[in-house]
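Heads up, the thing below is written out as structure tokens.
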Amino acid sequence: MDVQEVPRALSEALRRTMVSEEFKQRFGQTPTLWAQAPGRLDLMGSHTDYNECYVITMAIDRNTWMAARPRSDRKVLVRSLNMEGGGEFDLNDITHDTDSPWTDYIRGVAAVFQDEGYTLHGFDGLIHSTIPFGSGLSSSAAIEVVTATTLKMLAGNWEIEPVRLALLCQRAENEFVGMNCGVLDQYSSALGQTGHALLLDCRNLTARTATLHDDMRVAICDTRAERELTGSEYGERREQCEEGARRLADFYPAVTHLRDLTLEQFIAHEADLTEVVAKRCRFIIEENQRVLDLADALSADDRAAIRALTEVSYAGAHDLFGIGAPSMEAMMKAMRSGPGVVGARQTGAGFGGCMVAFVEAHAVDAFAQYVSTRYRAETAIEPEVYPVRAAVGAGPLDFSGKT
Ligand code: GLA
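Numbering (the numbering used here), first residue to last: 3 to 405.
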């Protein structure tokens, strides 16, 4: 995706003015409806979602806005302040777009909701995002979820549970875009809660809050190294996990996913799997336990446990799950030795992109400075290191009462 340099740290008022003016220029009128959907950061649980396991995730205060205005026909015209190109399509005939592939997230959502019987209206829409693209913070899911939210508002608000909205956005990504992701990204973007991370059960699609101690922050450490999620690695990992579950179901018939296995059960039949599948399975089963342990460690503010769990998660992702990159190694080294660091690990799919650190609140600035300097010295890449807060999930942007 081509990313234009659009300032990310804008006040809401400035951002609104900028988007409004741009909308007027491109579409000749002002927007009548505004929606937002946030990016997400997972704090523990790499690749656990599609294994129906647990994950700790939070929606972050980086989000995607859609400013929109209904049209009288069935056309959708979309543009973005961050990405080149744009698209125009007819809701009666939704096709893919190879010139501006990012519009496929929008097309896919429209196609899936229409297929499910939801009434759709044509609209002009302008997107502005403060989520860096392709860096593992779910910029794609945010486009999907903001599109679904916009379509819902344009139709006078369909009756739909946020979980179902998230699942249909996931389906758009699986079936229309062709990326076989789990539900983590769309769930987090649709159901995030201000001030809280969520311990999400990806089997039952229920969550409870997991709250960080007042004195602790999470910082995103963006390696800014290229990362390609639709490459084959993600799908391969998923297939290997599924193969493991299928194979182990020969011994434990109730098993449908790796979620259903204890570590002891796995160990008893580890030798019946190929070496690579065994490694993938071991990682997921252990990582799932780490998610539950981290939830306890966060609520007890047990910093030694947070450090140990994040360390082992990173090592396992690298050694067993085969995800990692030289840029991540360099970032991990910098994060581990940063002032005030409590723990650090990978996030997202984990092939480059962003990483996450738990940092003592008072040390966040010093940490960001130290990590940036050290990483830059080692890689000659300028990273981006910044704290984020847990933010609310997708919904209308209400500017009433604001100037
Ligand atoms: C990507 C996918 C998610 C999840 C993570 C890894 O973000 O979209 O569904 O599998 O990778 O945890």
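Backbone N, C-alpha and C define an ideal beta-carbon position, used for all residues, glycine too.
When the Cα atoms are used, what is the spatial distance from R261 to V390?
Position 259 of the sequence shown, counting from 1, holds the residue named residue 261. Position 388 of the sequence shown, counting from 1, holds the residue named residue 390. Their backbone Cα atoms lie some 30 Å apart in a straight line.
When every heavy atom of ligand 1 is checked, does at least one fall within less than 6 Å of the C-beta of L186?
The residue you call residue 186 lines up with position 184 of the sequence shown. Correct: L186 has its Cβ closer than 6 Å to ligand 1.
Restricting to Cα atoms, I'd like to know which of H320, V257, A363, K154 is closest to A396.
To locate residue 396, count along the sequence shown from 1; it is residue 394. Per the Cα distances, K154.
Tell me whether T121 sits in a helix, a strand or coil according to DSSP, three-state version.
Within the sequence shown, numbered from 1, the residue matching residue 121 stands at position 119. If DSSP states are grouped into helix, strand and coil, T121 belongs with coil.
Can you find a heavy atom of ligand 1 that lies under 6 Å from the Cβ of S102?
To locate residue 102, count along the sequence shown from 1; it is residue 100. No, Cβ of S102 sits at least 6 Å from all heavy atoms of ligand 1.
D51: beta carbon under 6 Å from a heavy atom of ligand 1?
Sequence index remark: in the sequence shown, residue 51 carries index 49 (1-based). Correct: D51 has its Cβ closer than 6 Å to ligand 1.
Going by alpha carbons, who is nearest to A168 out of L193, L156, M181?
Here residue 168 refers to the residue found at position 166 when the sequence shown is read from its first residue. Here the closest residue by C-alpha is L193.
Using the rule of at least 16 other Cβ atoms within 10 Å of the residue's Cβ for burial, across every protein chain shown, is L296 buried or exposed?
The sequence position of residue 296 within the sequence shown is 294, counting from 1. By the neighbour-count rule (16 or more Cβ atoms within 10 Å), L296 is buried.
Which residues in the same chain have their Cβ closer than 7 Å to the Cβ of V344, if we skip the five residues on either side of it in sequence?
The count along the sequence shown starts at 1 and reaches residue 344 at position 342. Here the set comprises M218, R305, I308, R309, F360, V361, E362.
In whole angstroms, give me the CA-to-CA distance for P72 and L122.
As a first step, residue 72 must be located in the sequence shown, where it is residue number 70. As a first step, residue 122 must be located in the sequence shown, where it is residue number 120. Going by the C-alpha atoms only, they are around 10 Å apart.
Please list the terminal residues of the continuous beta strand (DSSP E) segment that includes A39.
Position 37 of the sequence shown, counted from the start, is the residue given in the question as residue 39. Taken as a continuous stretch (DSSP letters only), the beta strand (DSSP E) holding A39 covers 35 to 46.
According to DSSP, is A212 part of a helix, a strand, or is it coil?
Here residue 212 refers to the residue found at position 210 when the sequence shown is read from its first residue. Reduced to three states, the DSSP call for A212 is strand.
With hydrogens ignored, establish whether the beta-carbon of C183 is closer than 6 Å to any heavy atom of ligand 3.
Ligand 3 is absent from the structure shown, which contains only ligand 1.
At 4 residues or longer, and completely inside the stretch 64 to 144: list those alpha helix (DSSP H) runs for me, N to C.
As far as the stretch 64 to 144 is concerned, its whole alpha helix (DSSP H) runs of at least 4 residues are 105 to 117.
Quick check: the Cα distance between Y120 and S142, rounded to an integer number of angstroms?
Reading the sequence shown from its first residue, position 118 is the one you call residue 120. Reading the sequence shown from its first residue, position 140 is the one you call residue 142. Their backbone Cα atoms lie some 22 Å apart in a straight line.
What is the residue span of the beta strand (DSSP E) that R347 lies within?
What you label residue 347 is simply residue 345 of the sequence shown in a count that begins at 1. Unbroken beta strand (DSSP E) run through R347: 343 to 348.
Put I383 into one of helix, strand or coil per three-state DSSP.
Taking the sequence shown and counting its residues from 1, the one referred to as residue 383 is at position 381. Reduced to three states, the DSSP call for I383 is coil.
Closer than 6 Å to a non-hydrogen atom of ligand 1 - does that hold for the CB of A351?
Looking up residue 351 in the sequence shown gives position 349. A351: yes, Cβ under 6 Å from ligand 1.
Need the endpoints of the alpha helix (DSSP H) that E241 sits in, please.
Within the sequence shown, residue 241 is the residue found at index 239, counting from 1. First-last of the alpha helix (DSSP H) with E241: 234 to 250.
Is it buried or exposed for D367, if we count other Cβ within 10 angstroms and need 16 for buried?
Along the sequence shown, read from residue 1 onward, the residue named residue 367 stands at position 365. Exposed.
Straight-line CA distance for R109 to G342?
To locate residue 109, count along the sequence shown from 1; it is residue 107. To locate residue 342, count along the sequence shown from 1; it is residue 340. Rounded to the nearest angstrom, the two C-alpha atoms are 44 Å apart.
Please tell me whether, using a cut-off of 6 Å, the distance from the CB of E190 to the nearest non-hydrogen atom of ligand 1 is below it.
Translated into positions along the sequence shown, residue 190 becomes position 188. Position check: residue 190 holds Ser in this sequence, whereas Glu was assumed. Checking the Cβ of S190 against ligand 1 gives no.
Quick one: is S234 buried, meaning 16 or more other Cβ sit within 10 Å of its Cβ, or exposed?
Taking the first residue of the sequence shown as position 1, residue 234 is located at position 232. S234 is exposed by the Cβ-count criterion.
May I ask whether a heavy atom of ligand 1 can be found less than 6 Å away from the beta carbon of S315?
On the sequence shown, residue 315 is found 313 positions in, with the first residue counted as 1. Checking the Cβ of S315 against ligand 1 gives no.
Tell me whether V390 sits in a helix, a strand or coil according to DSSP, three-state version.
As a first step, residue 390 is located in the sequence shown; it is residue number 388 there, counting from the start. Strand, per DSSP.
How should G30 be labelled, buried or exposed, when 16 other C-beta atoms within 10 angstroms of its C-beta is the threshold for buried?
Numbered from its first residue, the sequence shown carries residue 30 at position 28. Exposed, because fewer than 16 other Cβ atoms sit within 10 Å of the Cβ of G30.
If we count the other Cβ atoms within 10 Å of its Cβ and call it buried at 16 or more, is S402 buried or exposed?
Sequence index remark: in the sequence shown, residue 402 carries index 400 (1-based). S402 comes out exposed.
Between S48 and ligand 1, is there a pair consisting of the residue's CB and a ligand heavy atom that are separated by less than 6 Å?
Along the sequence shown, read from residue 1 onward, the residue named residue 48 stands at position 46. Flag set: Cβ of S48 near ligand 1.
Rank L399, F115, R292, M337 by C-alpha distance to the C-alpha of E161 and give the top, closest one.
Numbered from its first residue, the sequence shown carries residue 161 at position 159. Selected option, being the one with the closest Cα: F115.
Tell me whether E362 sits in a helix, a strand or coil according to DSSP, three-state version.
As a first step, residue 362 is located in the sequence shown; it is residue number 360 there, counting from the start. Strand.
What are the boundary residues of the alpha helix (DSSP H) that includes L169?
The sequence position of residue 169 within the sequence shown is 167, counting from 1. Counting along the chain, the alpha helix (DSSP H) containing L169 begins and ends at 164 to 173.
Among all the DSSP beta bridges, which residues are the ones paired with V57?
Stepping through the sequence shown from its first residue, residue 57 is reached at position 55. V57 is bridged to L202.
Provide the residue span of the alpha helix (DSSP H) that contains I286, from first to last.
The residue you call residue 286 lines up with position 284 of the sequence shown. Element bounds for I286: 277 to 302.
Should T375 be labelled buried (16 or more other beta-carbon atoms within 10 Å of its own) or exposed?
Indexing the sequence shown from 1 puts residue 375 at position 373. Exposed, by the Cβ-count rule.
Apart from the five residues just before and just after G352, which ones in its own chain have a Cβ nearer than 6 Å to its Cβ?
The residue labelled residue 352 in the question sits at position 350 within the sequence shown. The answer, listed in chain order, is S48, A319, I325.
Is the distance from the Cβ of Y388 to the Cβ of I287 below 7 Å?
Residue mapping note: residue 388 aligns to position 386 of the sequence shown, counting from 1. Residue mapping note: residue 287 aligns to position 285 of the sequence shown, counting from 1. Not a contact, by the Cβ cut-off of 7 Å.
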